[in-house]
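Novice: One gets the numbering used here by counting positions in the first sequence from 1 and adding 48 to each.
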Amino acid sequence: MPELPEVETTCRGITPHVLCSPILSVIVRDSRLRWPVPDDLSASLTGGEFARIERRAKYLIFHHTRGFLIAHLGMTGSMRIVSPQEPARPHDHIDIGFANGVVLRYHDPRRFGSFHWVEGAVLSHPLLNSLGPEPLSSEFTGRYLHDRARGRSQAVKLFIMDAKIVVGVGNIYANEALFAAGIDPRRAAGRISLARYDHLAQHIKRILTYAINRGGTTLRDFVGGDGKPGYFAQELHVYGRGEKPCTACDEPLRETRLGQRATVFCKRCQN
DNA sequence: ATGCGGACCTGTTAGC
DNA sequence: TGCTAACAGGTCCGCA
Numbered sequence: 049m050p051e052l053p054e055v056e057t058t059c060r061g062i063t064p065h066v067l068c069s070p071i072l073s074v075i076v077r078d079s080r081l082r083w084p085v086p087d088d089l090s091a092s093l094t095g096g097e098f099a100r101i102e103r104r105a106k107y108l109i110f111h112h113t114r115g116f117l118i119a120h121l122g123m124t125g126s127m128r129i130v131s132p133q134e135p136a137r138p139h140d141h142i143d144i145g146f147a148n149g150v151v152l153r154y155h156d157p158r159r160f161g162s163f164h165w166v167e168g169a170v171l172s173h174p175l176l177n178s179l180g181p182e183p184l185s186s187e188f189t190g191r192y193l194h195d196r197a198r199g200r201s202q203a204v205k206l207f208i209m210d211a212k213i214v215v216g217v218g219n220i221y222a223n224e225a226l227f228a229a230g231i232d233p234r235r236a237a238g239r240i241s242l243a244r245y246d247h248l249a250q251h252i253k254r255i256l257t258y259a260i261n262r263g264g265t266t267l268r269d270f271v272g273g274d275g276k277p278g279y280f281a282q283e284l285h286v287y288g289r290g291e292k293p294c295t296a297c298d299e300p301l302r303e304t305r306l307g308q309r310a311t312v313f314c315k316r317c318q319n
């Protein structure tokens with residue numbers, strides 16, 4: 049389940065292997081992703097090359113000679129670099145083959161991911177044009193959150209997971225950041241002080257940055273391996289630890305649901 | 001505009 | 001042991 053650090057790690061991991069090499073072939077074994085893979089994806093890509101790959105939110109944007117490939121990894125998507133001889137495994141849905149002899153292979157068991165081809169202004173694409181700021185940008189601050197939260201009754205956890213507010217904060221990191229900031233995930237977003245939002249924004253940045261740096265140690269996995277950076281479950285304070293003792297006060301952690309997602313917090317440490 | 005539930009999908013885990 | 005059911009979660013969509 050790629051969150052922002054995994055997507056960033058994927059971007060950095062595949063970039064050196066696929067940049068500036070002509071695309072020779074595109075194989076779509078299964079076009080049934082979240083949205084159907086465009087029929088003409090191969091025609092669009094073949095013959096051109098990628099000049100740059102960037103991440104925006106959890107999307108990967110491939111700058112191509114003639115346009116842009118936008119890819120999302122969904123819940124279970126991953127990309128890895130393989131040789132053309134490497135037999136495709138189950139759920140290996142898309143291959144992009146390059147003149148330099150490598151294949152970029154997309155793997156996605158649940159098929160929640162998606163591939164889009166766009167020409168023209170890529171950031172105007174409907175999937176990208178209403179996204180909030182990047183959490184690691186200078187634009188993302190406690191003051192920004194505080195301003196956007198004015199008058200909102202929505203639970204703060206759902207608020208920070210809303211991509212229109214800020215991108216890239218998935219369920220795991222939302223749980224962890226709220227614990228670190230000592231904020232009850234159920235609290236109404238509009239009833240949190242600026243000082244507390246300052247702390248929350250800082251913790252979101254700290255946790256995401258840490259995870260990205262840790263992801264860097266698994267970059268080699270993008271060649272030949274399964275391309276899955278993986279989590280460091282032993283470093284999570286609340287996610288997946290319902291009923292276990294709080295790492296700060298030993299009180300059993302409470303587990304509930306917010307927006308149909310697992311929400312874990314400490315009733316004593318978070319309010 | 002905001003907020004919420006439903007839908008998508010399948011590997012893994014829990015329960016009978 | 002074998003089968004079925006629940007669960008996991010990012011994101012878009014549609015409705016209130």
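Backbone N, C-alpha and C fix where the C-beta goes; we use that ideal spot for every residue, glycine too.
Can you pull the DSSP bridge partners for Y18?
Specialist: Since the first and last residues shown for the chain are 49 and 319, residue 18 lies out of range.
Novice: Where do the ends of the alpha helix (DSSP H) carrying Y287 lie?
Specialist: No alpha helix (DSSP H) holds Y287; DSSP gives it neither H nor E.
Novice: For E134 and D140, what's the separation of their Cα atoms in angstroms?
Specialist: 11 Å
Novice: Taking Cβ positions, are V66 and S90 nearer each other than 7 Å?
Specialist: no
Novice: Measuring alpha carbon to alpha carbon, tell me which residue in D156, S185, L242 is nearest R104.
Specialist: In terms of CA proximity to R104, S185 leads the group D156, S185, L242.
Novice: For R262 and T57, what's the separation of their Cα atoms in angstroms?
Specialist: If you draw a straight line from the Cα of R262 to the Cα of T57, it comes to about 9 Å.
Novice: Mapping the DSSP letters down to three states, classify P64 as helix, strand or coil.
Specialist: helix
Novice: Taking 8 Å as the threshold, find out whether the stretch 189-204 comes into contact with the stretch 150-167 through three or more Cβ pairs.
Specialist: no
Novice: Flag this pair as yes or no: are the beta carbons of P183 and T311 separated by less than 7 Å?
Specialist: no
Novice: Let me check understanding here. Comparing Cα to Cα, which of S131, M209, I101, H247 lies closest to V55?
Specialist: I101
Novice: With a threshold of 16 other CB atoms inside 10 Å of the CB of P277, please say whether the residue is buried or exposed.
Specialist: Low per-residue confidence applies at P277: pLDDT is 48, beneath 50, and the placement is therefore not dependable, though the value from the model is reported in the following sentence. Classification of P277: buried, given that the 10 Å Cβ count is 16 or more.
Novice: Using the beta-carbon count (16 or more within 10 Å), is P14 buried or exposed?
Specialist: No statement about residue 14 is possible, as the shown extent of the chain runs from 49 to 319 and does not include it.
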